[in-house]
Amino acid sequence: MTEHEETTPHIAHGEKLQKVLARLGLASRRDVENWISAGRVKVNGAVATLGQRVDSHDAIAVDGRLLKREEATEVVRRVLIYNKPDGEICTRDDPEGRPTVFDRLPRPKEGRWINIGRLDINTTGLLLFTTDGELANRLMHPSYEMDREYAVRVRGEVDDEMIERLKTGVMLEDGPARFTDIQQAPGGEGFNHWYHCVVMEGRNREVRRLWESQGLVVSRLKRVRFGPVFMTSDLPMGRWREMSQSEVDILSEEVGLKPVALPGMKSKTKEKLDRMQRKVAKPIGRGERRPRVLRSAHEADAPNDGDKGRRSRENQPTRKPRDAEEQRGKPGHGTPVAERPSAVGRNRGKPSPAKRSGPRTSEGPRPGPGNRSR
Numbered sequence: 001m002t003e004h005e006e007t008t009p010h011i012a013h014g015e016k017l018q019k020v021l022a023r024l025g026l027a028s029r030r031d032v033e034n035w036i037s038a039g040r041v042k043v044n045g046a047v048a049t050l051g052q053r054v055d056s057h058d059a060i061a062v063d064g065r066l067l068k069r070e071e072a073t074e075v076v077r078r079v080l081i082y083n084k085p086d087g088e089i090c091t092r093d094d095p096e097g098r099p100t101v102f103d104r105l106p107r108p109k110e111g112r113w114i115n116i117g118r119l120d121i122n123t124t125g126l127l128l129f130t131t132d133g134e135l136a137n138r139l140m141h142p143s144y145e146m147d148r149e150y151a152v153r154v155r156g157e158v159d160d161e162m163i164e165r166l167k168t169g170v171m172l173e174d175g176p177a178r179f180t181d182i183q184q185a186p187g188g189e190g191f192n193h194w195y196h197c198v199v200m201e202g203r204n205r206e207v208r209r210l211w212e213s214q215g216l217v218v219s220r221l222k223r224v225r226f227g228p229v230f231m232t233s234d235l236p237m238g239r240w241r242e243m244s245q246s247e248v249d250i251l252s253e254e255v256g257l258k259p260v261a262l263p264g265m266k267s268k269t270k271e272k273l274d275r276m277q278r279k280v281a282k283p284i285g286r287g288e289r290r291p292r293v294l295r296s297a298h299e300a301d302a303p304n305d306g307d308k309g310r311r312s313r314e315n316q317p318t319r320k321p322r323d324a325e326e327q328r329g330k331p332g333h334g335t336p337v338a339e340r341p342s343a344v345g346r347n348r349g350k351p352s353p354a355k356r357s358g359p360r361t362s363e364g365p366r367p368g369p370g371n372r373s374r
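The UniProt record's numbering puts the first residue of the sequence shown at 1, with every later residue one more than the last.
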């Protein structure tokens, strides 16, 4: 063997099987990896192995069903924003017959909707769905640092020492946890107070358990932001809307995925994508309201008990309009996507350890539409 042969690495051809299946929207990449480990996936008639690479010539079957290879050549990456109401669970089928978040969603012709994270039955607000399993996997993976912001109403006395403990970190039954930022919001009476808080993980009931560790009771909880995606006031409770392709591309770039190259698509696929993107939620039916982007903790009024997140115009402070080049989406419509905070400072191309330079403080403007730096 020559020296050149010894030092030349073997080049693997094709793409990893789990990435191909996740991109088809069959499931998240983690679920697909479990399928492969369980022997449910075959390539060219043989049981597949985790990490196996495939190309367009390989025949892939899941549970005995042969996949159409043309499905993998042109991927339509779709993302839905859903305003989850109280009482719905984040599962496809419930033995108890309770309503699920999938009941209200449109049925895609190819693939299926994959929920990006979960909200418990009593938590309302922003929930994302996609047909791209790889996108879902990256958005949920801690290494990509997708922070989640919640509006929470707590009952009990809250002091500065308690806030500092929650930001420094407390020990829960499943390990240490903390808020990276906490800001008090207007609203609440007596022992009820509203706060906006940010976590970097999606652990089960983490926000509730953090507040409860201080002897407080969480009486209302609503997610208002996931990474760069904000909940906007023009999306009613229990309704969904589909992101425009430009918004999907912004979200994809956040986790190092290449945008969908629309000019390179076949005309038939592009027309199908355009039709899908035009299917939005029905109007409220009582006249078009002026869209309002939900503001950050120290700017926004907290939702009233009987008013599902709306507030009177008299209480709305005057806002400086965004520059035209900052606007995204259609003119005159609220956009849910904004730049990520500059303090994150992570590598867009590759995942990095879930580490922040420190918790955000109340000094300077909070992240918000049109002003994303601290």
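Just so you know, even glycine gets a beta-carbon here, dropped at the ideal spot from N, CA and C.
Between Val-224 and the set Gly-64, Tyr-150 and Arg-138, the nearest pair of CA atoms involves Tyr-150. In the three-state reduction of the DSSP assignment, Glu-189 falls in the coil class, being assigned neither a helical nor a strand state. Between Ala-177 and Leu-139 the beta-carbon gap is near 20 Å, outside 8 Å, which marks them as no contact.
The shortest CA-to-CA distance from Met-171 to any of Thr-91, Asp-94 and Ser-213 is the one to Ser-213. Bridge pairing for Gly-125: Lys-84 and Arg-223 [DSSP]. DSSP places Gly-14 in no alpha helix (DSSP H); its state is neither H nor E.
The stretch 91 to 144 is shown to contain whole beta strand (DSSP E) runs of 3 or more residues at 114 to 116 and 124 to 130, in chain order.
With contacts defined by Cβ atoms closer than 9 Å, Leu-251 and Leu-80 do not form a contacting pair.
Per DSSP, the continuous beta strand (DSSP E) segment holding Ile-60 begins and ends at 60 to 62. Under the three-state reduction of DSSP output, Thr-168 falls in the helix class.
Excluding the 5 residues flanking it on each side, Trp-113 has same chain C-beta neighbours closer than 6 Å at Leu-105 and Phe-129, in chain order. Residue pairing of Glu-149 in beta bridges, as defined by DSSP: Val-198 and Arg-225. Contact check for Ala-38 and Arg-29: beta-carbon distance about 15 Å, past the 8 Å limit, so the pair fails to qualify.
For Glu-242, the enclosing beta strand (DSSP E) covers residues 240 to 242. Bounds of the beta strand (DSSP E) holding Val-41 are 41 to 43. Distance from the CA atom of Leu-17 to the CA atom of Asp-160, rounded to whole angstroms, is 51 Å.
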